Every structure is written in C-alpha cells, then in structure tokens.
Amino acid sequence: MGASDFQLPADFWNRFQQTHWEKAPAVFPGVFPGPILDGAATLAGVRTAFSALQATDPGDRPRCYLEGTQVTFGPLYARFIPGDADTSLEAYAARLERELGGKGFAVVVNAFHVHVPALWHRLRGFFRGLTQVQGLPAARIDPVLFLGNYPVTPFGVHTDTASIFTFSLGEAKRMLLWPREYFAQRRVPAMDTQLLASHEPYAADAVSLSMGQRDLMYWPSSLWHVGVSGRTLQATLGVGVYFSSPAHALVEPALKLGLRGTPPLGLLPSGGTALPPALEQLLARTQALVTQGTLRRELHAEWLRRVSADGCLPAPPMVPVALDEKDRLQLADGGPVLHAALDDGLLVAANGQSWFLGGTQGQPLPASHADAVVALLASLNAGERVRVSSALRERDVGPLLGDVLRQLTSAGALKRYGAP
C-alpha cells in the first residue's frame with residue numbers, strides 16, 4: 013500500500029472539522045484498506061529506534077515498561093532490544109514474555125515516523141486533508157508507537173495537549189475516555205495531565221471506543237483517556253496533533269541554528285552586578301543574528317520545512333545518493349518543491365528538508381544562478397523529466413544544479429524515471 017491509500021477525501025475532512033475536531037470522539041470504520049504499517053515494517057522501525065540509543069535527547073529513546081513501571085538503562089532494558097532471532101513481532105513478543113516471566117510489557121516510541129520513512133509518507137498524505145481545512149499545527153505531529161501485551165496503558169489515565177488520531181496495527185484496540193471535568197468533580201487526585209488513581213472504579217462511566225485495523229479512531233485534547241486490553245499483543249499508533257505552541261518554542265530552533273558554531277560558555281565571575289563580558293558577547297552575537305537577517309532566514313527555513321512536510325516534522329533523515337549524468341529525474345509523490353528568494357540567496361525545501369543556496373566566500377548568490385535553480389524547480393514541479401546531463405549543460409552555473417538535484421533526490425522529493 014502507498015501513501016494515497018491513506019488519503020481521505022475532502023468531504024470527509026469538511027464533515028470532520030464541523031462535527032468532531034476538538035468536539036467529540038469517534039471511530040470511523042473501514043476507511044483504510046488495511047493497517048498503516050504491517051508487522052515487518054513495525055519491527056524494523058523498532059530495531060532502528062533502538063539502534064539510535066546514542067541520541068542526546070532522552071525523549072528520542074524507546075521507553076520500556078514492565079507491569080506499568082518504566083525500565084531505564086541496564087540489563088533489563090537490554091532485553092527489550094530486538095535480536096537476530098526476533099524475526100517477527102510475534103517472535104519478539106514471545107521472547108520477551110519468556111524472559112520477563114509472563115509479565116506485561118510495553119515499548120513506547122515517540123516520533124516513530126522518523127524510523128519508518130514509508131510511515132512518514134503515509135501520515136503526510138493523511139494529514140494533508142486536515143491541514144487544508146484546519147491549517148498547519150504550530151507545534152508538531154507526533155506518531156507514538158505502543159507495542160506490547162500490557163492490559164492497560166503503562167502510564168495510566170492521562171490527557172494530552174493534542175488531538176489524537178489512532179491507527180491499529182494489530183489486534184482490536186479499545187480506549188476509555190472521560191470528559192475533562194470528570195475526575196476533578198469527584199476529587200480524584202491528579203498531577204498536571206496524569207491521573208494518580210486506577211481507572212477501574214470509573215470505567216463504567218467512560219465512553220468506550222473500539223477499533224480494528226481498517227478503522228480510524230479520534231478524540232479531542234480535552235478528554236482523559238487510557239487504553240485497555242487483554243494480555244494479547246497490541247500494536248497501536250497514536251498520532252498527536254499539537255496545534256498550539258508558546259511563541260518562544262517557534263523561535264528557539266531558528267536561534268539554535270543561528271548560534272551554531274558559537275563556543276560554549278565556561279566559568280563566569282562569582283560576583284558583580286555588571287553583565288559579564290562572555291554574556292555581552294553572546295548578546296551581541298544574538299543581536300547580530302537579527303540585524304544581519306540570519307534569524308529571519310533560519311525561521312523562514314523552518315517554515316518551509318513545515319509547509320513541505322504538511323506539518324509532519326521532524327522528517328526522516330536524508331539518504332545519500334549518487335546520480336549518473338544519464339539519469340532522468342522526476343517529481344516523486346508528495347507535492348512540489350518549494351523555494352523562497354532572499355536578499356543573499358535562495359531557500360529550497362522539500363519533504364521536510366531545506367537548504368540555503370548562497371554565493372561563494374560569503375557573497376550573495378548570483379542572479380543567473382538563482383534564475384537557473386528557479387527554472388529547474390519550475391520544470392520539475394510541472395511534471396517534466398529532467399536528465400541530469402541536460403541540467404548541468406543548460407546554464408553556466410557550475411555544479412550548482414547537480415547539487416540541487418542530488419539533495420532533492422536524497423530527500424525523496426525526486427525519483428529516477430521509471431522507479432516505483
């Protein structure tokens with residue numbers, strides 16, 4: 013199945029916005045031809061997620077639970093890493109059940125689409141219909157994999173600051189939902205978005221939703237929720253649409269990129285009321301990012317990444333490719349290549365990736381070079397097939413067009429003619 017199999021028609025999204033978006037939960041039966049990921053692709057994504065353990069952000073690492081208690085690094089955590097003998101999800105689960113003494117386990121992976129590029133393309137196509145009627149989320153779209161034989165969501169009843177779309181990858185999925193005010197009215201203890209009590213005494217009052225592999229489940233951000241099941245293997249993808257963001261969170265990525273290469277700060281003076289020289293220098297550098305347009309450029313690049321990904325950020329990493337001059341390239345499924353002209357160059361974006369094309373030695377990109385890139389992108393966006401050799405010979409711009417074609421192909425925005 014391809015990305016188009018998970019694109020829902022415009023009339024679905026128009027009705028959805030009017031009757032359900034941030035209003036009411038629902039299950040939409042039979043809207044897909046099958047699960048958005050099969051078992052083999054799911055297991056491959058889990059392997060990739062565990063292989064990225066060197067990630068500096070702990071949130072990037074798979075979270076593992078045993079009978080509802082989180083397992084941190086150590087020999088017990090290592091048992092959750094798929095081995096060579098784990099040839100299927102079922103084999104992986106069976107091994108864990110044996111090694112963990114039959115206890116309930118769960119593996120939770122945030123941003124799962126980063127580890128499975130095919131999933132990213134399918135979710136991007138799925139959410140394009142929503143963003144066309146609702147707008148792009150200011151924060152993020154976070155697909156979270158829940159995998160295991162756990163009888164209840166490991167971290168219990170909770171809420172999210174996101175609307176949730178759920179896809180079942182395996183057995184039927186059941187969720188219990190309560191209104192925002194339900195537990196407060198009954199003085200049930202909670203901490204922020206986490207209920208500090210079992211769901212069982214309140215299950216009879218919950219809205220119960222069940223879904224299969226071809227169904228779509230949705231609930232708004234206002235609802236408390238928990239997943240319940242037997243001790244059978246569950247594989248579910250819960251996709252949170254975080255549609256609001258504090259202003260600083262939108263600027264921080266651009267500021268971080270603008271300050272890359274800045275030496276880290278060392279020891280600061282132990283006293284004094286004046287701003288230390290190191291902080292004066294940092295402030296001056298930050299102010300220069302604004303006056304020189306660097307911060308604006310980075311923020312603009314982040315915007316183009318968001319638009320070109322239909323809000324599904326972060327995008328999967330680029331895959332290096334080598335192009336032959338005989339290759340003929342055409343636009344892949346997923347939408348046009350975007351560009352924006354700046355005073356000193358061009359921003360180009362596709363599939364959630366972006367590049368700045370500037371001149372050499374800090375000079376602006378020559379107008380002839382910018383015109384050549386824009387003409388090339390126009391041809392590609394019009395559906396034309398571009399031979400690499402022709403692009404290189406078309407204008408006297410050196411290797412620039414070849415570099416652009418290679419970057420776009422590495423991002424999956426272009427494909428060789430005749431390729432699937």
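Following the working numbering, the numbering of the sequence shown begins with 13 at its first residue and continues without gaps. Note that the Cβ used here is the ideal one computed from N, Cα and C, for glycine as well. Since the model is a prediction, treat every value here as computed from it, not as a measurement.
Report buried or exposed for residue i, applying the criterion of at least 16 other Cβ atoms within 10 angstroms of its Cβ.
i: Phe177; result: buried
i: Asp227; result: buried
i: Asp10; result: What the structure shows of the chain is the stretch from 13 to 432, and residue 10 is not part of that stretch, so it cannot be assessed.
i: Thr87; result: A quick correction: the sequence has Pro, not Thr, at residue 87. Exposed is the call here.
i: Arg318; result: buried
i: Met203; result: exposed
i: Asp217; result: exposed
i: Thr421; result: buried
i: Pro70; result: In this predicted model, Pro70 has a pLDDT of only 48, less than 50, meaning its place in the structure is not dependable; the value taken from the coordinates is given anyway. Exposed is the call here.
i: Asp322; result: buried
i: Gln373; result: exposed
i: Thr68; result: Here Thr68 scores only 45 on pLDDT, less than 50, and its place in the model is too uncertain to base an answer on.
i: Gln246; result: buried
i: Ala353; result: exposed
i: Ala327; result: buried
i: His351; result: buried
i: Lys35; result: exposed
i: Gln82; result: exposed
i: Ala403; result: buried
i: Leu287; result: exposed
i: Thr31; result: exposed
i: Gln197; result: exposed
i: Ala384; result: buried
i: Lys185; result: buried
i: Phe85; result: exposed
i: Pro94; result: buried
Can you look up residue i in the DSSP assignment and give me helix, strand or coil?
i: Phe179; result: strand
i: His170; result: strand
i: Gln304; result: coil
i: Arg136; result: helix
i: Arg198; result: coil
i: Pro70; result: Its pLDDT being 48, under 50, Pro70 is placed unreliably by the model, and the measurement read from it follows with that caveat. It is helical.
i: His351; result: strand
i: Ala394; result: coil
i: Pro155; result: strand
i: Val128; result: coil
i: Gln419; result: helix
i: Gly57; result: helix
i: Gly95; result: coil
i: Met13; result: coil
i: Leu148; result: coil
i: Thr143; result: helix
i: Leu207; result: strand
i: Ser257; result: coil
i: Thr31; result: helix
i: Leu389; result: helix
i: Ser241; result: coil
i: Val43; result: coil
i: Asp50; result: coil
i: Ala64; result: coil
i: Pro87; result: helix
i: Gly414; result: helix
i: Leu108; result: helix
Bridge partners for residue i per DSSP, in chain order?
i: Trp190; result: Trp236
i: Gly160; result: Ala118 and Gln246
i: Leu372; result: Looking at the sequence itself, residue 372 is Thr, so the reference to Leu does not match. None, per the DSSP bridge assignment.
i: Trp231; result: Ile176
i: Arg75; result: Val120
i: Met223; result: Lys185
i: Lys427; result: Gln342
i: Ala38; result: Tyr230
i: Trp3; result: Absent from the model: residue 3. The displayed extent of the chain is 13 to 432, so no value can be given.
i: Gly252; result: Asp154 and Ile176
i: Leu101; result: Leu101 is not bridged to any residue.
i: Gln82; result: Tyr77
i: Arg405; result: According to DSSP, which records beta bridges pairwise, Arg405 is partnered with nothing at all.
i: Arg399; result: Arg340
Below 8 Å on the Cβ atoms is my contact criterion, and I expect residue i with residue j to pass it. Report the Cβ-Cβ distance as a whole number of Å.
i: Leu235; j: Leu189; result: 5 Å
i: Phe368; j: Arg309; result: 7 Å
i: Val128; j: Ala53; result: 6 Å
i: Leu388; j: Leu413; result: 6 Å
i: Leu159; j: Ala118; result: 7 Å
Whole runs of the alpha helix (DSSP H) within the region 267–341, excluding any shorter than 4 residues: 289–303 and 306–320
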